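> 88 is the number that full-length UniProt numbering gives to position 88 of the sequence shown; each next residue is one higher, with no gaps.
Have a look at the structure that comes next, please.
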Amino acid sequence: MGSKKSFKDLITETTIDDIEEINATKYINLLKDKIVINQFPLKIKIIITSEFTTPMAFDRIESHYSHPVEVVLTQNNLSTFYNNLLDKFKAWVDKFQERGSGFVFDGIKSVKVKLYKYEYQRASSYIPLQFKSSNIINVQNKKDNKCFLWSILASLFPANKDKQRVTKYKEYENEINMKGIEYPVSIKDIPKVEKQNNLSINVFALEDQTNKQSLHPVYISNVESKNVIDLLYIESNENTHYCLIKDLNSFMCDKNRNKSFICRNCLQGFQREETLIKHKKICYDNEHCKTIMPKPGKNILEFNNHHFKNKLPFVIYCDFEAYNIPMQSCTPDPNKSYIKPISKQEINSYGMYVHSDYPEIYKPQYFSYVGDDAVEKYVEKVMKIYKEITYKIYLNEKKKPILNNHEEDEFQEATGCYICGEEFKESEKVREHNHLSGKYRGAACQSCNTKEGKATKLIPVFFHNGSNYDFHFLIEELMKYEDEYNKVKLLSKNSENYISIDYGSNYKKLRFLDSYRFMLKGLSDIAKSMEEFPILEKEFKGNIALLKQKGFYPYEYIDSIKKFEDKKLPEIENFYSKLKKETITKEEYKHAQRVWEHYNCKTLLDYHNLYLKTDVLILADAFEKFRKFFIKYHEIDPCYCYSAPGLTWQCGLKYTGIKLELLTDVDMLQMFEKGIRGGFSGVLGPRHVKAFNKYTSNYDKDYRIIDEHEKKECLKRLKEGKNLNKFFEENFLLYLDANNLYGWAMSQKLPTGDFKWEKDPNYYKKIPKGRGCLIECDLQYTKM
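Dropping the structure here:
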């Protein structure tokens, strides 16, 4: 067990690996004594490394459960935290074993614990509300920091009039036990106030201070009390303030009176109180958060991205190269797993190819730069290109389309949108045209015309494997270009894996995407599968015989700009990769030598620039071929999507024409989520069983060979006066598996709509053709 302290909000980080216990419940109970916590409130992050093995013990793997960061307000909340940890860890283990891999849980290897500081802003004095509501009492405590107390008293001792005045509640000030509570009151103090006064206090906040519909839960009490108080936490500049929500149901349902019973945990509304009570039994098992469901009448999912069929006119393909600067590190403990840093990456250059279908707007061309400020120069250049292209598009948009007589007649006679096929409503028919060439394309509805215009000003920027590498260098530099209208938006799976980065507004934007998410192969394999390289051939004027494959580069040799001054190709040993633990072959090295000589490289910098340019242009050729295929056969440009799964989803919606009904009932959603299961896999019965039958070597009717595990059990049974008959009963081990389990599951029918609750418990016995049902039940199995 070891620990370390770090900077910022991290208090301590501890790795615990000295608990010898295979049972998860007992392990977590022992873990409590190992985690030393001296201050509250705090945030806790736990990562559990577990071992899984196959039932036959032929293979063993490690896997990591990362528990969501939880806020623990007081010592009393720790038991709840550990219960949540145990429940979610067990659920994770079950899910892991149900995936069909055949691995079963074999114990916890280690636990990493990170403790972080957690501080609340203390709500203090009066702030005016930025919207009107008769359901809010905003006590005007302009001379003290007791807004929390006055709001509580306003609930317990309601005034008949002038409810916003502090004087209405002064006489009750000592009715609330605030011993040990500091003003202004922080949210972390609320559990103590609840305990001292037998109150149930909930706190809500607003994402948008001007919009009460942006309400979301901040603190939901677990105290059962007849006095339930709901507070609104509002902010203004550096001040914060509590108000009383008189009636949460009325506050949330001003615009929808029929939904009058609100769940505090998810803020969903229900027509009947008994429905809410049933819902809470499920909902309160989940973390409190606002659940937003589609509205009835607006809950149909279908293909409506008809503008995806129009090819985006401008796409940028890029790559970074970097110095690999060696890093020194201390000698790791050989008895423990560790990560050894080898080198640090510092970007030294960029290559960029702008692909354009409209050379009159922007000419297709390649740009590159070498220098320590390559990332800064790259963002500067891509911003310049972006502004130039979007400005020229803007100028073109101002020009009205010119229609010939035939086109004008066609427009006047059109009754439906040529893009989406919907019939025109009154006064919505427009002359849709190519915003770059000015060519008339057809009569369109206003919605499709707007989408087409926005699409033209989307410029995708592709890096191969940008998600895990290049994008990380871009974020900080892109943020420097943010202003009132242009924002940076990051879409990520986690802190290491970025899906995309958007820069711009709703009307025009750069979108940085990872081409690997579409093609799922390295550039080397992609190049091998290609026969034609039109972009590469045009840039090198046909001289590409040696470039139609990914080149070879001495990544780890180039650790400074000085290496670029080398007058010859580095020796073959300098192409060695510590990561792959191999160097290039002699044949590959000969190819690199031929490239050096054929393209007349004078220095390693020349070779570097050639390698970088070739990589970028091969990527451009490969992705343009991919786009061409999809546009031809599926009428969708992949550049509108983020990845291959998203592209497949759009194709599926378009091809099938399906109209999927989305759930509007939160209880239905939670019932579906509870029913999600993988393929069952595990050992049924005892964890350790030894076969004993005529096919095994240890078989003898009167004598049996036992292992150490069985020996201990024999001695224990003899000591307890029990017989050993069970060891001489014949038994067999049966290992079962299903072929193509996932394929079978994915070929089954799924519901597409017409969801409703069924009152008849025997409905499943007489399901009409073409319908199905989801059943929540308890099953009883007869013991075999």
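Glycine included, each C-beta is placed from N, C-alpha and C at the ideal position.
Bear in mind the structure is a predicted one, so any value in this text is a computation, not a measurement.
Which runs of the alpha helix (DSSP H) fall wholly inside the region 326-410 and span at least 4 residues, in chain order?
374-397
> Quick one: grab the DSSP three-state call for histidine 306.
helix
> Quick one: is leucine 604 buried, meaning 16 or more other Cβ sit within 10 Å of its Cβ, or exposed?
buried
> Enumerate in chain order the residues of its own chain whose CB-to-CB distance from threonine 434 is below 7 Å, with the five nearest sequence positions on each side excluded.
In the sequence as presented, threonine is not what sits at residue 434; that position holds asparagine. Once the five neighbours on either side are set aside, the close Cβ partners of asparagine 434 are Arg441.
> Classify asparagine 609 as helix, strand or coil using the three-state DSSP reduction.
helix
> Ignoring anything shorter than 4 residues, give me the alpha helix (DSSP H) runs that lie fully in the region 584-646, in order along the chain.
586-598 and 604-634
> Can you tell me where the alpha helix (DSSP H) with lysine 195 in it begins and where it stops?
For lysine 195, the enclosing alpha helix (DSSP H) stretches over residues 190-197.
> Just curious, the beta strand (DSSP E) that proline 217 is in, first and last residue?
215-219
> Between the C-alpha atoms of glutamate 710 and lysine 722, what's the straight-line distance to the nearest angstrom?
In a straight line, the C-alpha of glutamate 710 is about 14 Å away from that of lysine 722.
> Which of helix, strand or coil does DSSP assign to glycine 107?
strand
> CB leucine 129 to CB isoleucine 234, shorter than 8 Å?
yes
> Roughly how many angstroms lie between the CA atoms of histidine 464 and tyrosine 781, to the nearest whole one?
A straight-line Cα-Cα distance of about 53 Å links histidine 464 and tyrosine 781.
> Any idea if methionine 746 is buried or exposed, counting beta-carbon neighbours within 10 angstroms, 16 or more meaning buried?
So methionine 746 ends up on the exposed side.
> Let me check understanding here. Comparing Cα to Cα, which of Asp559, Glu532 and Ser524 lies closest to lysine 550?
Ser524
> What does a CB cutoff of less than 6 Å around asparagine 198 pick up in its chain, not counting 5 residues either side in sequence?
Ser225
> Helix, strand or coil: how does DSSP classify arginine 771 here?
coil
> Our contact map puts tyrosine 366 next to lysine 613 with C-beta atoms below 8 Å; I'd like the distance itself, whole angstroms only.
6 Å
> Is it right to say methionine 479 is buried, meaning 16 or more other beta carbons lie within 10 angstroms of its own, or is it exposed?
exposed
> Using a Cβ-Cβ cutoff of less than 7 Å, which residues in the same chain neighbour phenylalanine 58 once the five nearest sequence positions on both sides are dropped?
Note that phenylalanine 58 scores a pLDDT of 45, beneath 50, so its modelled location is shaky and nothing firm can be said.
> Buried or exposed: where does serine 560 fall if 16 or more other Cβ atoms within 10 Å of its Cβ makes it buried?
exposed
> Confirm, please, whether the CB-CB distance from leucine 301 to leucine 662 is below 8 Å.
yes
> Please state whether the Cβ-Cβ distance between phenylalanine 518 and serine 500 is less than 8 Å.
no
> Identify which residue in Leu750, Tyr481, Lys628 and Ile108 has its Cα closest to the Cα of isoleucine 16.
Checking every option, the nearest Cα to that of isoleucine 16 belongs to Ile108.
> In the structure shown, what three-state DSSP assignment does tyrosine 65 receive?
strand
> Which residue from Val616, Ala443 and Glu194 puts its Cα closest to that of serine 349?
It is Val616.
> Flag this pair as yes or no: are the beta carbons of isoleucine 347 and valine 375 separated by less than 8 Å?
yes
> Helix, strand or coil for isoleucine 535? Go by DSSP, reduced to three states.
helix
> Tell me the DSSP secondary structure of arginine 272 in three-state form.
coil
> Measure the alpha-carbon distance for leucine 490 versus leucine 750 and round it to whole angstroms.
Whole-angstrom Cα-Cα distance: 33 Å.
> Spatial neighbours of tyrosine 555 within its chain, please: CB distance less than 6 Å, with the 5 preceding and 5 following residues excluded, ordered by chain position.
Asn324
> If the criterion is Cβ atoms closer than 8 Å, does the pair valine 203 and leucine 248 meet it?
no
> Short of 6 Å in beta carbon distance, which residues of its chain neighbour glutamate 20, apart from the five on each side in sequence? Order them along the chain.
none
> Roughly how far, in whole angstroms, is the beta-carbon of cysteine 253 from the beta-carbon of isoleucine 137, given that I think they are within contact range, below 8 Å?
Not confirmed; about 18 Å, so no contact.
> Please tell me whether cysteine 417 and alanine 444 are closer than 8 Å, where the distance is taken between their beta carbons.
yes
> What does a CB cutoff of less than 6 Å around lysine 26 pick up in its chain, not counting 5 residues either side in sequence?
none
> Span of the beta strand (DSSP E) holding arginine 511?
Counting along the chain, arginine 511 sits inside the beta strand (DSSP E) bounded by residues 509-514.
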